[in-house]
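Protein sequences appear in the order of chains W and L. For the first sequence, the positions run -4 to 356 when the working numbering is used. For the second sequence, the positions run 2 to 308 when the working numbering is used. Worksheet for the structure shown next.
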Amino acid sequence: MRPYTLIAELSYRCPLRCSYCSNPVDWAKHRDELDTATWLRVFREAEELGVVQLNLTGGEPLVRDDLEELVAGARALDLYTNLITSGIPLERARLENLRAAGLDNVQVSVQDVEEKNSDRIAGTKSFTHKLEVARWVKALGMPLTLNIVLHRGNLGRVEQMIALAEELAADRLELANTQYLGWALVNRQALLPTREQLEAARVIAARAKKRLKGRMEVLFVTPDYYAEYPKTCMDGWGRRFLLVSPDGLALPCHAAHTLPGLHFDNVRNQPLAEIWTTSKGFNAFRGEGWMQEPCASCDRRTVDLGGCRCQAYHLTGDAAATDPACKLAPTHGLIEAARGESRAPKTVALHYRSAKPVARP
Amino acid sequence: MSAFVERLRAEGEKRYHDRHRYHVLMHEGRLSRGQLQQWVLNRYYYQTRIPIKDALIVSKSEDPAFRRLWLHRIRDHDGDAEGEGGLAMWLRLADGVGLDREEVASCRSVLPGVRTACDSYVELVRTRGLLEAVASSLTEFFAPDIMSKRVAAWEKHYPWVDPAMLAYFRTRVTRARKDAEEAVAYVERHATTPELQDQCVAALIRKTEILWALLDSVYAACVSPKLAPKARLRHDRKEDKTMLLYPEKGLVLNATAADIAKLCTGENTVDGIIEKLSKKYSKDAATVQREVIGLLTSFAERGLILE
Chain W
-4 MRPYTLIAEL SYRCPLRCSY CSNPVDWAKH RDELDTATWL RVFREAEELG VVQLNLTGGE
56 PLVRDDLEEL VAGARALDLY TNLITSGIPL ERARLENLRA AGLDNVQVSV QDVEEKNSDR
116 IAGTKSFTHK LEVARWVKAL GMPLTLNIVL HRGNLGRVEQ MIALAEELAA DRLELANTQY
176 LGWALVNRQA LLPTREQLEA ARVIAARAKK RLKGRMEVLF VTPDYYAEYP KTCMDGWGRR
236 FLLVSPDGLA LPCHAAHTLP GLHFDNVRNQ PLAEIWTTSK GFNAFRGEGW MQEPCASCDR
296 RTVDLGGCRC QAYHLTGDAA ATDPACKLAP THGLIEAARG ESRAPKTVAL HYRSAKPVAR
356 P
Chain L
2 MSAFVERLRA EGEKRYHDRH RYHVLMHEGR LSRGQLQQWV LNRYYYQTRI PIKDALIVSK
62 SEDPAFRRLW LHRIRDHDGD AEGEGGLAMW LRLADGVGLD REEVASCRSV LPGVRTACDS
122 YVELVRTRGL LEAVASSLTE FFAPDIMSKR VAAWEKHYPW VDPAMLAYFR TRVTRARKDA
182 EEAVAYVERH ATTPELQDQC VAALIRKTEI LWALLDSVYA ACVSPKLAPK ARLRHDRKED
242 KTMLLYPEKG LVLNATAADI AKLCTGENTV DGIIEKLSKK YSKDAATVQR EVIGLLTSFA
302 ERGLILE
């Protein structure tokens, strides 16, 4: 078993305050970021382990002054390097430097198709500059991924989102429905769409995917709250993805350290290969031994691999439970109740990502 | 629609050349002027074969009513007088895309693969019975809108072509539908046993292969693929294989696919790539051509090459 992708969360710091941020709600507690040399060692060890794709993300990776050096180091290892950024703060000259350092792809997020709504979700004025950054990316001859997180407030504008991506000549458009963990779970009532909203958007995206085949890759990530079965989260626990948090925890996903009772090791103390193969945290949910019923005897256990462990814990309190998103889960009623709430709209204030954690609903 | 006609439709539709990469590029407005010209020049040879194969079909029939019906196809192509009919209109199209009309009319610059494909169509009709010959003429039945789609795409994407020159495509919009309906009715009436029906399906499939081969030849000669900016090759030490990486994804390539990807530098035509590979692996060019174009199409559908 080898990981193919390293997700390097370079920092939890971010100038944006999105109310669906996937960072842990207590991100501010993790202040001690890895230094340049340690990250470069992590990249090298990851490459030796089999990693070929590197996602530089956060928080906002641009807040790191050593980003150019990290990109150059990744390129020297022949890793395919993808910068996942809000585009804030970025000047054209720095983007040119990043390209010169060997950056392969830039993923820019916008929160909506027009300034007011985008800035409202981001909690800061940012939309206009993001578009400028996206245009620089293409002007410099680099591939562009446009990422838009979908929720009930913007699902109705998927058509315009596709048009925006076409206008920007994006190579890939990610229409990613909010996954309800982290800040998004705190704000679920304000974000979860109705089934009708979702279905209408899905049809539009499917049509665009067909029309733009070969020119723009259109990805529509369905929220598992409306799927019959859970998603194969991260392609399975500790199978293809390896994530290192800003303070050096090696994790199977960005939220794994929010699960209680699991021990994760720090790359400062141990070689990555050892953590990947032997650590208790990585092995906790590999294979099928950990599964409970109905997963343990289910035909689909090799398809969705039990779904999302973090969702199971955050909704049921048991990380080894069947993902409640599954219609066969005994706790599926939790998801049905949330869907029901989405049908009774009322104005709910957004909790913006901040340094002070808020209580879960 | 009878089950037999439905079967013909299904078999033909999934193999029809409107799905060929060259047509996809044409209809998306992504062919260069030179690439569009080459299609017009080569396709003209196909046009010249049509009245000949239709004359062969007429010669096979003992039924005056059928012959009368089918003769109009020859007249549609050759016209009632010099300068009229489909062939003459095609030469006007050649003018419209900036080709030398005399060169096109002489067919001297036609690609060898295109010539072989078109000749094999005439041969198919010559050697088979009337029913199969008619069945092989059914291809336009599956995509009645290909001509109207083409007119719209050309007007939108190739504004440098005088729209008046698209007359051929416009006349085909209604004519093709009528031709196809007549031929379908004939085949349905005469393919009275399962064996005859199978023969009709086989003849039709053969015809779709011929149309496909024509475009393969043009694609191979006129496209010099280059890896897109988002695609990067990497040697994977773990499995000692070449990977083609792009955002969030990667393909593990086998040895042939890796050779093909490495030759996508923009400096080799597809024909050039085929030649290099058939030498390296001592395989015949036709087999290699299928592999190469198949792989390039799957790359192109992921946006991994510029054509």
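Heads up, the beta-carbon is just placed ideally off N, CA and C, and yes, glycines get one too.
Those residues which DSSP pairs with residue i across a bridge
{"i": "S6(W)", "result": "G53(W)"}
{"i": "S104(W)", "result": "N142(W)"}
{"i": "Q306(W)", "result": "Answer by DSSP bridge pairing: none, since Q306(W) is not bridged."}
{"i": "M244(L)", "result": "R235(L), V253(L)"}
{"i": "L246(W)", "result": "L238(W)"}
{"i": "K227(L)", "result": "T266(L), L307(L)"}
{"i": "T0(W)", "result": "Q48(W), F236(W)"}
{"i": "S261(W)", "result": "It should be pointed out that residue 261(W) corresponds to Asn in this sequence rather than to Ser. Partner(s): L244(W)."}
Best match in the options for proximity to residue i [C-alpha to C-alpha]
{"i": "C248(W)", "options": "Q192(W), Q306(W), V198(W), V153(W)", "result": "Q306(W)"}
{"i": "L254(W)", "options": "Q174(W), E336(W), A314(W), Y175(W)", "result": "A314(W)"}
{"i": "T173(W)", "options": "F280(W), T189(W), L93(W)", "result": "T189(W)"}
{"i": "V224(L)", "options": "E249(L), L234(L), Y187(L), L307(L)", "result": "L307(L)"}
{"i": "Y187(L)", "options": "V135(L), R233(L), M148(L)", "result": "V135(L)"}
{"i": "D55(L)", "options": "A4(L), L132(L), H24(L), T117(L)", "result": "L132(L)"}
{"i": "A158(W)", "options": "L187(W), V101(W), Q184(W), R202(W)", "result": "R202(W)"}
{"i": "R303(L)", "options": "P19(W), K205(W), L323(W)", "result": "K205(W)"}
{"i": "L296(L)", "options": "L264(L), E268(L), K280(L), S283(L)", "result": "L264(L)"}
{"i": "I75(L)", "options": "E83(L), G87(L), V152(L), A153(L)", "result": "G87(L)"}
{"i": "L92(L)", "options": "I261(L), W161(L), Y45(L), K227(L)", "result": "Y45(L)"}
{"i": "G97(L)", "options": "V25(L), V185(L), A165(L), S299(L)", "result": "A165(L)"}
{"i": "V343(W)", "options": "E63(W), L145(W), R183(W), L65(W)", "result": "R183(W)"}
{"i": "A258(L)", "options": "A4(L), T243(L), A181(L), S121(L)", "result": "T243(L)"}
{"i": "V255(L)", "options": "N269(L), L234(L), T266(L)", "result": "Residue identity check: residue 255(L) is Asn in the sequence provided, not Val. Answer by Cα proximity: L234(L)."}
{"i": "T298(L)", "options": "R69(L), L26(L), A222(L)", "result": "L26(L)"}
{"i": "A11(L)", "options": "L167(L), F170(L), I206(L), D64(L)", "result": "I206(L)"}
{"i": "A23(W)", "options": "R210(W), C9(W), T140(W)", "result": "C9(W)"}
{"i": "L309(L)", "options": "T270(L), Y282(L), T266(L)", "result": "Residue numbering for chain L in the displayed model covers 2 to 308; residue 309(L) lies beyond these limits and cannot be assessed."}
Endpoints, the alpha helix (DSSP H) within which residue i is located
{"i": "M137(W)", "result": "Taken as a continuous stretch (DSSP letters only), M137(W) belongs to no alpha helix (DSSP H), as it is neither H nor E."}
{"i": "A171(W)", "result": "No alpha helix (DSSP H) holds A171(W); the beta strand (DSSP E) holding it covers 167 to 172."}
{"i": "F215(W)", "result": "Looking at the DSSP string, F215(W) is not in any alpha helix (DSSP H); the run it does join, the beta strand (DSSP E), is 212 to 216."}
{"i": "F236(W)", "result": "From DSSP, F236(W) is part of no alpha helix (DSSP H) but of the beta strand (DSSP E) over 236 to 239."}
{"i": "Q198(L)", "result": "195 to 223"}
{"i": "K61(L)", "result": "34 to 61"}
{"i": "D313(W)", "result": "Note, D313(W): premise wrong, no alpha helix (DSSP H); not H, not E."}
{"i": "G86(L)", "result": "86 to 97"}
{"i": "F280(W)", "result": "Looking at the DSSP string, F280(W) is not in any alpha helix (DSSP H), and its letter there is neither H nor E."}
{"i": "C119(L)", "result": "113 to 128"}
{"i": "A301(L)", "result": "286 to 302"}
{"i": "N92(W)", "result": "87 to 96"}
{"i": "K179(L)", "result": "168 to 191"}
{"i": "F67(L)", "result": "65 to 79"}
{"i": "Q192(W)", "result": "190 to 206"}
Range of the contiguous beta strand (DSSP E) that encloses residue i
{"i": "N77(W)", "result": "75 to 80"}
Inset, instruction - Specify whether the stretch 279 to 293 of chain L and the stretch 183 to 201 of chain L touch according to this definition: at least 3 beta carbon pairs, one from each stretch, less than 8 Å apart. - result: no
Inset, instruction - For the stretch 129 to 162 of chain W, enumerate the residues whose C-beta is nearer than 7 Å to any C-beta of chain L, in chain order. - result: G136, M137, P138, T140
Inset, instruction - Identify each residue in the stretch 25 to 56 of chain W for which the Cβ-Cβ distance to at least one residue of chain L is less than 7 Å, and report them in chain order. - result: G45, V47, Q48
Legend entry - contact_flag[the stretch 216 to 226 of chain L, the stretch 119 to 134 of chain L] where n(CB pairs < 8 Å) is 3 or more: Taking 8 Å as the limit for Cβ pairs, the verdict is that the stretch 119 to 134 of chain L does not touch the stretch 216 to 226 of chain L.
Inset, instruction - Decide if the stretch 46 to 59 of chain W is in contact with the stretch 246 to 265 of chain L; the criterion is three or more beta carbon pairs, one per stretch, under 8 Å apart. - result: yes
Inset, instruction - Please determine if the stretch 3 to 23 of chain L and the stretch 214 to 230 of chain W are in contact, where contact requires at least 3 C-beta pairs separated by less than 8 Å. - result: no
Legend entry - Contact set between the stretch 242 to 275 of chain L and chain W, restricted to residues whose Cβ is under 9 Å from the partner: M244, L246, Y247, P248, E249, K250, G251
Inset, instruction - State whether the stretch 32 to 45 of chain W contacts the stretch 60 to 77 of chain W, with contact taken as three or more CB pairs (one from each stretch) at a distance under 8 Å. - result: Contact between the stretch 32 to 45 of chain W and the stretch 60 to 77 of chain W is present, because at least three Cβ pairs lie under 8 Å.
Inset, instruction - Identify each residue in the stretch 151 to 165 of chain L for which the Cβ-Cβ distance to at least one residue of chain W is less than 7 Å, and report them in chain order. - result: none
Inset, instruction - With 8 Å as the limit, tell me which residues of the stretch 287 to 306 of chain L have their beta carbon closer than that to any beta carbon of chain W; keep them in chain order. - result: A301, E302, R303, G304
Legend entry - Interface residues of the stretch 261 to 288 of chain W facing chain L [CB-CB below 8 Å]: none
Legend entry - the stretch 115 to 124 of chain W contacting the stretch 160 to 170 of chain W, beta-carbon criterion three pairs below 8 Å: no
Legend entry - Three-pair Cβ contact test at 8 Å for the stretch 267 to 275 of chain L versus the stretch 231 to 247 of chain W: no
Inset, instruction - Determine, using beta-carbon pairs with one atom in the stretch 260 to 275 of chain W and one in the stretch 292 to 304 of chain W, whether at least three such pairs fall under 8 Å. - result: no
Legend entry - Proximal residues, the stretch 205 to 238 of chain W versus chain L, C-beta separation under 8 Å: K208, G209, R210, M211, E212
Inset, instruction - Give a yes or no on contact between the stretch 152 to 165 of chain L and the stretch 26 to 43 of chain L, applying the rule of three or more CB pairs nearer than 8 Å. - result: yes
Legend entry - Selection of the stretch 201 to 231 of chain L by Cβ proximity to chain W, strictly under 9 Å: A229, P230, K231
Legend entry - the stretch 164 to 181 of chain W: positions lying closer than 7 Å to chain L by Cβ: Per Cβ criterion, the list reads D166, R167.
Inset, instruction - Quick one: which residues of the stretch 82 to 105 of chain W get their C-beta closer than 7 Å to a C-beta of chain L? List them in chain order. - result: D99, N100
Legend entry - Cβ pair count under 8 Å reaching 3, the stretch 92 to 106 of chain W against the stretch 56 to 69 of chain W: Taking 8 Å as the limit for Cβ pairs, the verdict is that the stretch 56 to 69 of chain W does touch the stretch 92 to 106 of chain W.
Legend entry - Proximal residues, the stretch 293 to 323 of chain W versus chain L, C-beta separation under 9 Å: From the stretch 293 to 323 of chain W, no residue has a Cβ closer than 9 Å to chain L.
Inset, instruction - Please name the residues in the stretch -4 to 10 of chain W whose beta-carbon is closer than 9 Å to at least one beta-carbon of chain L, in chain order. - result: R(-3), Y(-1), T0
Legend entry - Contact the stretch 170 to 190 of chain L vs the stretch 138 to 148 of chain L: 3+ CB pairs below 8 Å: yes
Inset, instruction - Kindly confirm or deny that the stretch 139 to 147 of chain W and the stretch 98 to 112 of chain W touch, where touching means at least three C-beta pairs closer than 8 Å. - result: yes
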